[in-house]
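Trainee: In this note's numbering, the protein residues as written are 8 to 297.
Where is the CB? At the ideal position from N, CA and C, for every residue including glycine.
This is the structure:
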């Protein structure tokens, strides 16, 4: 539950960053926690009043918008790269001079960015086990293809190794190649982070309900919401990224240990054991990306 609460705070702080970055070019951080906490309160209120049904409807709207906007963004970046490749001006940024171990530790520090496929496990009241297993696998495959594809088309326009210098945000990247993409980008970020926060709020609710009969009605939503608000209001975004990655690595390590103990066959036990060791290492030694 703790890991999901941290991720809710993170997603909505990132969402707030995009909103503030779009409307306030001075870069003020005053409004970020306010917007994030307001979004948490909205999600918790809908969950407490309408339950999973209310959150599911809200999530479907957000997810549809994300798919449309992400397709537009990815398409424009791909078109830009194809044009540059055709004219012979396509260049890739230089690889940072970091030791391999440092690179791996930084990758461990951003585990949170590829987390989320397992939240469906807590929807046993709505879907049977077979459906949830299939949904989890599909989520991993689809999200991985989106992540890898988007990074691939965005890398040539990141500004690294150019007179413009490195870009700090995706807003800067798109602003250099297509200024009109700024609004679709912000909307995509808002809807995607909001959708992710909804999913993890539902997961935190399901996690708490599975612990004890006392967690009934709106209590799980209110408890997880209060904790997420406290975190979003007091901790900077980049620190939350590192904390969230460590929390989920610890969570995955525990899940891998459980899988190792219940698995049949030496190969599966060894595999889950190695995963547990890897996630434990991430928990202890991961580095923040910035």
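For the alpha helix (DSSP H) holding residue 128, just list the boundary residues, first then last.
Mentor: Stepping through the chain shown from its first residue, residue 128 is reached at position 121. Looking at the DSSP string, residue 128 is not in any alpha helix (DSSP H), and its letter there is neither H nor E.
Trainee: On the DSSP letters alone, give me the boundaries of the alpha helix (DSSP H) that residue 136 sits inside.
Mentor: The residue you call residue 136 lines up with position 129 of the chain shown. From DSSP, the alpha helix (DSSP H) with residue 136 extends over 136-161.
Trainee: Take the Cβ of residue 255 as the centre, count every other Cβ of all protein chains shown within 10 Å, and call the residue buried at 16 or more, exposed below.
Mentor: Residue mapping note: residue 255 aligns to position 248 of the chain shown, counting from 1. Classification of residue 255: buried, given that the 10 Å Cβ count is 16 or more.
Trainee: Once DSSP output is grouped into helix, strand and coil, what is the label at residue 133?
Mentor: Here residue 133 refers to the residue found at position 126 of the chain shown. Coil.
Trainee: Where are the beta strand (DSSP E) runs, 3 residues long or more, that stay fully inside the stretch 60-108, in chain order?
Mentor: none
Trainee: Among the candidates 118, 184 and 78, whose CA atom is the shortest distance from the CA of residue 292?
Mentor: Working through the chain shown from its first residue, we reach residue 292 at position 285. Of 118, 184 and 78, the residue nearest in Cα terms is 118.
Trainee: Output needed for residue 327: all residues of its chain with C-beta closer than 8 Å, excluding positions within five of it in sequence on either side, in chain order.
Mentor: Lying before the first or after the last residue shown, residue 327 is absent from the chain, which here runs from 8 to 297.
Trainee: With distances taken from CA atoms, which of 23, 103 and 54 is nearest residue 199?
Mentor: For the purposes of this step, residue 199 is taken as the residue at position 192 of the chain shown. Among 23, 103 and 54, the Cα nearest to that of residue 199 is on 23.
Trainee: In the DSSP assignment, find the unbroken alpha helix (DSSP H) run with residue 214 in it and report its ends.
Mentor: Within the chain shown, numbered from 1, the residue matching residue 214 stands at position 207. Start and end: 189-216.
Trainee: Note down the Cα distance separating residue 81 from residue 272, rounded to an integer number of angstroms.
Mentor: As a first step, residue 81 must be located in the chain shown, where it is residue number 74. As a first step, residue 272 must be located in the chain shown, where it is residue number 265. Roughly 43 Å between the two C-alpha positions.
Trainee: Counting beta carbon pairs with one atom in the stretch 239-246 and one in the stretch 261-278, are three or more of them shorter than 8 Å?
Mentor: Put simply, the stretch 261-278 does not touch the stretch 239-246. Fewer than three CB pairs are less than 8 Å apart.
Trainee: Taking the Cβ atom as the reference point for each residue, do residue 43 and residue 17 lie within a distance shorter than 7 Å?
Mentor: Counted from its first residue, the chain shown places residue 43 at position 36. Counted from its first residue, the chain shown places residue 17 at position 10. Going by C-beta atoms, residue 43 is not nearer than 7 Å to residue 17.
Trainee: Buried or exposed: which applies to residue 67, given that a residue is buried once 16 or more other Cβ atoms fall within 10 Å of its Cβ?
Mentor: Looking up residue 67 in the chain shown gives position 60. So residue 67 counts as exposed.
Trainee: Consult DSSP for residue 221 and reduce its assignment to one of helix, strand or coil.
Mentor: Reading the chain shown from its first residue, position 214 is the one you call residue 221. Three-state result, residue 221: coil.
Trainee: Straight-line CA distance for residue 211 to residue 60?
Mentor: Position 204 of the chain shown, counting from 1, holds the residue named residue 211. Position 53 of the chain shown, counting from 1, holds the residue named residue 60. Rounded to whole angstroms, residue 211 to residue 60 spans 15 Å at the Cα level.
Trainee: Using 8 Å as the Cβ pair cut-off and three pairs as the minimum, do the stretch 77-92 and the stretch 143-162 touch?
Mentor: Taking 8 Å as the limit for Cβ pairs, the verdict is that the stretch 143-162 does touch the stretch 77-92.
Trainee: Is the CB-CB distance between residue 73 and residue 195 below 7 Å?
Mentor: For the purposes of this step, residue 73 is identified with residue 66 of the chain shown, where counting begins at 1. For the purposes of this step, residue 195 is identified with residue 188 of the chain shown, where counting begins at 1. Yes.
Trainee: Does DSSP classify residue 269 as helix, strand or coil?
Mentor: Looking up residue 269 in the chain shown gives position 262. Of the three classes helix, strand and coil, the one that applies to residue 269 here is helix, per DSSP.
Trainee: Beta-carbon within less than 8 Å of residue 106's beta-carbon, same chain only, minus the 5 sequence neighbours each way: which residues are those?
Mentor: Here residue 106 corresponds to residue number 99 of the chain shown, with the count starting at 1. The answer is none, since no qualifying residue turns up.
Trainee: Helix or strand or just coil, what does DSSP make of residue 281?
Mentor: Stepping through the chain shown from its first residue, residue 281 is reached at position 274. DSSP places residue 281 in helix when its eight states are reduced to three.
Trainee: On a CA-only basis, which of 222, 232 and 264 is nearest residue 46? Give me that one, please.
Mentor: Reading the chain shown from its first residue, position 39 is the one you call residue 46. Sorting 222, 232 and 264 by C-alpha distance to the C-alpha of residue 46 places 232 at the top.
Trainee: Is the stretch 93-113 touching the stretch 276-294, taking contact as three or more C-beta pairs under 8 Å?
Mentor: yes
Trainee: Starting from residue 178 and walking both ways along the alpha helix (DSSP H), at which residues does that stretch end?
Mentor: One-based indexing of the chain shown puts residue 178 at position 171. Element bounds for residue 178: 177-184.
Trainee: Measuring alpha carbon to alpha carbon, tell me which residue in 15, 30 and 11 is nearest residue 201.
Mentor: Locating residue 201 in the chain shown gives position 194, where the first residue counts as 1. Among 15, 30 and 11, the Cα nearest to that of residue 201 belongs to 15.
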